[in-house]
Amino acid sequence: MSVLTVKNVFYRYEGTKKNVLKGVNASFEPGKVHTIVGKSGSGKSTLLSLISGLDVCTDGAIMHNDQDLKKLDRDEYRAKGIGVVFQSFNLLTNATAIENIVLSMNINGSPEKDKKAYAYALLEKVGIDRETADRKILRLSGGEQQRVGIARAISHNPDIIIADEPTGNLDSTTEEAILDIFTSLAHQEGKCVIIVTHSKKVTTIADVIYGMSEGKLAQMKQK
Amino acid sequence: MYILQNALKNLVRNKGRNLMIGAIIFFIILTTVVSLIINNTSSAVIEDYKERFASEVYITPDMQKVMEEAQKNSSDGRVMVKKPEIPSEQLLQFASSEYLKESLATGSVAANTSEIEAIDQDDSNSSGAGTTSIVGGGGMMKGPGMNGNYKLMGDSWEEFNEGLRSLESGRLPEANGEAVISGELRDRNNINLGDAITFTANMSVEPPSDLNSDNVQEGDKVTVEGMEYTVSLSGMGTVRLQREVSYPLTVVGVYNDMTDEYANDNMPKSAGFNRRNEVLTTLDTLIDQRQANETGVNVNVTYYLKSPDMLEPFEAEVREKGLSELFNVNTDTASYEKVVKPVEGLKSISITFMVVVIILGSIILLLLASISIRERKYEIGVLRAMGMKKAKVALGLWFEILTITCFCLVIGLGVGTVAAQPVSDMLLQNQAEAASQADSGGNMMMGPGGMQLGGAQLGGAQTSAMPLSEMKISLDLVTISEIIAISILLASFAGLVSISKITKYEPIKILMERN
Ligand SMILES: Nc1ncnc2c1ncn2[C@@H]1O[C@H](COP(=O)(O)OP(=O)(O)OP(=O)(O)O)[C@@H](O)[C@H]1O
Ligand SMILES: [Mg+2]
Chain A
1 MSVLTVKNVF YRYEGTKKNV LKGVNASFEP GKVHTIVGKS GSGKSTLLSL ISGLDVCTDG
61 AIMHNDQDLK KLDRDEYRAK GIGVVFQSFN LLTNATAIEN IVLSMNINGS PEKDKKAYAY
121 ALLEKVGIDR ETADRKILRL SGGEQQRVGI ARAISHNPDI IIADEPTGNL DSTTEEAILD
181 IFTSLAHQEG KCVIIVTHSK KVTTIADVIY GMSEGKLAQM KQK
Chain B
1 MYILQNALKN LVRNKGRNLM IGAIIFFIIL TTVVSLIINN TSSAVIEDYK ERFASEVYIT
61 PDMQKVMEEA QKNSSDGRVM VKKPEIPSEQ LLQFASSEYL KESLATGSVA ANTSEIEAID
121 QDDSNSSGAG TTSIVGGGGM MKGPGMNGNY KLMGDSWEEF NEGLRSLESG RLPEANGEAV
181 ISGELRDRNN INLGDAITFT ANMSVEPPSD LNSDNVQEGD KVTVEGMEYT VSLSGMGTVR
241 LQREVSYPLT VVGVYNDMTD EYANDNMPKS AGFNRRNEVL TTLDTLIDQR QANETGVNVN
301 VTYYLKSPDM LEPFEAEVRE KGLSELFNVN TDTASYEKVV KPVEGLKSIS ITFMVVVIIL
361 GSIILLLLAS ISIRERKYEI GVLRAMGMKK AKVALGLWFE ILTITCFCLV IGLGVGTVAA
421 QPVSDMLLQN QAEAASQADS GGNMMMGPGG MQLGGAQLGG AQTSAMPLSE MKISLDLVTI
481 SEIIAISILL ASFAGLVSIS KITKYEPIKI LMERN
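So the sequence lines, in the order shown, correspond to chains A and B. Note that the UniProt record's numbering has the first sequence beginning at 1, numbered continuously upward. Note that the UniProt record's numbering has the second sequence beginning at 1, numbered continuously upward.
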């Protein structure tokens, strides 16, 4: 019973000859934390960009609830179906943290009445206080930006949360706090959580671990 | 809604860039405002002057040709210059030209009646309506009064338009045979509406060439083209053929007259000149009694061309219809050119200027827009990655540029309106100077005014028109909407550049490029 199924996916960047993904198979389930580990450059971020609907695979298929992402309205899918924490954050650097979250909620059609209050609370939850929330992204540290990115990814309560190195810039205390959030999202709220990571700590919370190597994915652990 | 909000926030977030775009748009709008205001105002001025100077046709005798003609014809060395006349039948024919916007035909006939008494009745005239009175020895020739105490005026309503005359009672003539008279005439003679008065007048015809003072006598009857005429001989032995016609007129109205009784103080106080004795009827009423070959109804037709450049075809047409070479056909082009040339120059300068600025501005705007879109690519990638649709991203960008434009529009309209007047004054002055220099350069003789010697009352052209040195600038609704249209077009144009750029990119590509 998977919410997201990756079927024999190949991917080659436009203008290059080499396949980055060479027949990836995986299935992601609700209520579980999945992690993907692997050497730098092995194709993890690439796979996430396909799962996130930012691009489509060269060959094979990615199914969301049995629907091919290729045929789906991927804008809608990105807006409502998933939340993504990007490796390089991808926040609006000229806007404040709170503006970033509220804008995202607007785009995603969040039903929340008081979006601003909700966004402040959410930021509080990932360890961003009000004063920091009102600062422009440019004036935030890497770790703070990362937490804003996480808050944004979950602000519209998506069923799938995808995170690329979400704790890469965090100290271990904050890392733990963030991981708690991910675990409770999966275990309490039944979300499907997919995390790419190099961190040992992250893998300890994983229900399923995939290993990425040379464009191929292998399942390493199933709880 | 949030798209608009975000767009407004973006304006503040990227102050520097937006100020630059704003400055360019402002400059374009300002130029457009000033140019359009000047252009529209000068168009109005040109139209006005076209109407006033260049559309009225003057058909005037060319006195030089008249003299030459007279010299050619004189057999005994005595040159007799006779002012040429255009047969009234021809004047009326000319009016049917398709080149004319309109033509105003009026006519007058000197008339008499024994049924009523005229104001300042001149009894030397009272019998004058009769066939013999004209004879009077040489001394009697004192103008229209010589053979009539009244003047029957055909379709002569100008004074009513000018407010000098107004209907006091009754109505204006609607059918032939109806007439209005002055209040004074009514009072003197106790005339009531509906009364009929019969006037008499004389029609004359050119005597056949075989008729001369040797073979006819005063009072002889002669038949020309089926009509019987009475012969009268002038002191110099010229033969005149005349017949009497009658005009039975029904009084349908009375007018109040504020014109001077006599056109000037030098006029003899004679009923024929007194304007209170003018009986107003239709031109057709007067003409109906007249044969085509006869004179006696003094017809005056003013022609107005549809546009000044139709003078040539109109002249060709009237020549075709038989206008003698002795006449010149002109409009008051000299005055027109003198006044309008600077305005036309101003108009073309302002339009050229505007076009140049709009093109240059658009190019700069285009560059700026494509630079800024590069800067904003990342932002657009983020929005797209968050799931914002292309159309919404585009709308946001368009909102931004539109807001800047609206802002510039308001300020531009304000500053432009204030600036238009001094700019126009300055340009116009330069143009007027250029025009007056060109004028003194040579074509002084072009105007009808310069040519004509005697026909002052025929061609009332004044070349004394001053070139415009001032033009009242005004901003009308049309101009405002033109400016708004241009601005929105401009904003959309800039927006379109952005939009076409973003639709080219997939979010992943934009984000990848940066990472
Ligand atoms: N836009 C691109 N165009 C061409 N090749 C790319 C592009 N982005 C990534 N690659 C290549 O694809 C391969 C996989 O990159 P990817 O970013 O998926 O690696 P990764 O596993 O996420 O690495 P890391 O752990 O360092 O984040 C790399 O060899 C990389 O050079
Ligand atoms: Mg990566």
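Cβ atoms here follow ideal geometry from the backbone N, Cα and C, with glycine treated the same way.
With DSSP as the reference, please indicate the residues paired to residue i in a beta bridge.
i	result
Arg165 (chain B)	B:Asp257
Gly170 (chain B)	B:Gly253
Cys192 (chain A)	A:Ile160
Thr106 (chain B)	B:Asn300
Gly38 (chain A)	A:Met212
Thr223 (chain B)	B:Glu228
Val244 (chain B)	Contrary to the premise, residue 244 (chain B) reads as Glu rather than Val in this sequence. Answer is B:Asn202.
Asn330 (chain B)	B:Tyr58
According to the neighbour-count rule (16 or more other Cβ atoms, all chains shown, within 10 Å of its Cβ), is residue i buried or exposed?
i	result
Gln188 (chain A)	exposed
Ile107 (chain A)	buried
Pro448 (chain B)	In this prediction, Pro448 (chain B) scores a pLDDT of 36, lower than 50, which makes its location untrustworthy; no coordinate-derived value is stated.
Lys151 (chain B)	buried
Gly194 (chain B)	exposed
Gln452 (chain B)	Summary for Gln452 (chain B): the model assigns pLDDT 29, below 50, so the residue's position carries little reliability; its value from the coordinates is reported in the next sentence. Counting Cβ neighbours within 10 Å, Gln452 (chain B) comes out buried, since at least 16 surround it.
Thr204 (chain A)	exposed
Gln219 (chain A)	exposed
Ile359 (chain B)	exposed
Met426 (chain B)	exposed
Gln217 (chain B)	exposed
Which two residues bound the contiguous beta strand (DSSP E) that contains residue i?
i	result
Phe199 (chain B)	196-205
Lys22 (chain A)	21-28
Met153 (chain B)	150-154
Met212 (chain A)	208-213
Asp4 (chain A)	In the sequence as displayed, the identity of residue 4 (chain A) is Leu instead of Asp. Counting along the chain, the beta strand (DSSP E) containing Leu4 (chain A) begins and ends at 4-11.
Ile82 (chain A)	82-85
Would you mind reading off the limits of the alpha helix (DSSP H) that contains residue i?
i	result
Phe182 (chain A)	172-187
Asp48 (chain B)	15-49
Tyr99 (chain B)	Here Tyr99 (chain B) belongs to no alpha helix (DSSP H), and DSSP marks it neither H nor E.
Tyr118 (chain A)	115-125
Met67 (chain B)	63-73
Phe273 (chain B)	First-last for Phe273 (chain B): undefined, no H or E at that position.
Ser481 (chain B)	477-502
Ile373 (chain B)	333-385
Met227 (chain B)	Counting along the chain, Met227 (chain B) falls outside any alpha helix (DSSP H), though it belongs to the beta strand (DSSP E) covering 227-233.
Leu185 (chain B)	183-189
Gly143 (chain A)	142-154
Ile116 (chain B)	Taken as a continuous stretch (DSSP letters only), Ile116 (chain B) belongs to no alpha helix (DSSP H), as it is neither H nor E.
Arg130 (chain A)	130-133
Leu283 (chain B)	283-288
residue 224 (chain A)	Chain A is shown from 1 up to 223; residue 224 (chain A) falls before or after that span and cannot be answered.
According to DSSP, is residue i part of a helix, a strand, or is it coil?
i	result
Pro507 (chain B)	helix
Val56 (chain A)	coil
Gln421 (chain B)	helix
Tyr2 (chain B)	helix
Gly449 (chain B)	Interpretation of Gly449 (chain B) is limited by its pLDDT of 34, a score under 50 that renders its predicted location unreliable; the figure taken from the coordinates is listed afterwards. Reduced to three states, the DSSP call for Gly449 (chain B) is helix.
Gln217 (chain B)	coil
Glu159 (chain B)	helix
Ala95 (chain A)	coil
Leu323 (chain B)	coil
Gly414 (chain B)	helix
residue 226 (chain A)	Summary: the structure shown does not reach residue 226 (chain A), with chain A confined to residues 1 through 223, and so no result is reported for it.
Ala218 (chain A)	strand
Ala461 (chain B)	Its pLDDT being 36, under 50, Ala461 (chain B) is placed unreliably in this model, and the value from its coordinates should be taken loosely. Coil.
Pro84 (chain B)	coil
Met63 (chain A)	strand
For residue i, is the beta carbon positioned less than 7 Å from some heavy atom of ligand 4?
i	result
Lys7 (chain A)	Among the ligands in the structure shown, ligand 4 does not appear; only ligand 1 and ligand 2 can be found there.
Of the residues that make up the stretch 124-135 of chain A, which ones have a beta carbon closer than 9 Å to any beta carbon in chain B?
-> none
The stretch 378-408 of chain B: which residues have C-beta closer than 9 Å to a C-beta of chain A, in chain order?
-> Tyr378, Glu379, Gly381, Val382, Leu383, Arg384, Ala385, Met386, Gly387, Met388, Lys389, Lys390, Lys392
Proximal residues, the stretch 53-81 of chain A versus chain B, C-beta separation under 8 Å | Leu54, Asp55, Asp75, Glu76, Tyr77, Arg78, Ala79, Lys80
Anything in the stretch 101-115 of chain A with a Cβ closer than 7 Å to a Cβ of chain C? List those residues in chain order, please.
-> In summary, chain C is missing from the structure at hand, where the protein chains are A and B.
Just by C-beta distance, which residues in the stretch 137-169 of chain A are closer than 7 Å to chain B?
-> none
According to a CB-to-CB cut-off of less than 9 Å, which residues of the stretch 352-382 of chain B neighbour chain A?
-> Tyr378, Glu379, Gly381, Val382
Chain A contacts made by the stretch 3-32 of chain B, where a contact means CB separation under 9 Å | Ile3, Gln5, Asn6, Lys9, Asn10, Arg13, Asn14
Pull out every residue of the stretch 481-497 of chain B whose Cβ sits closer than 8 Å to any Cβ of chain A, in chain order.
-> none
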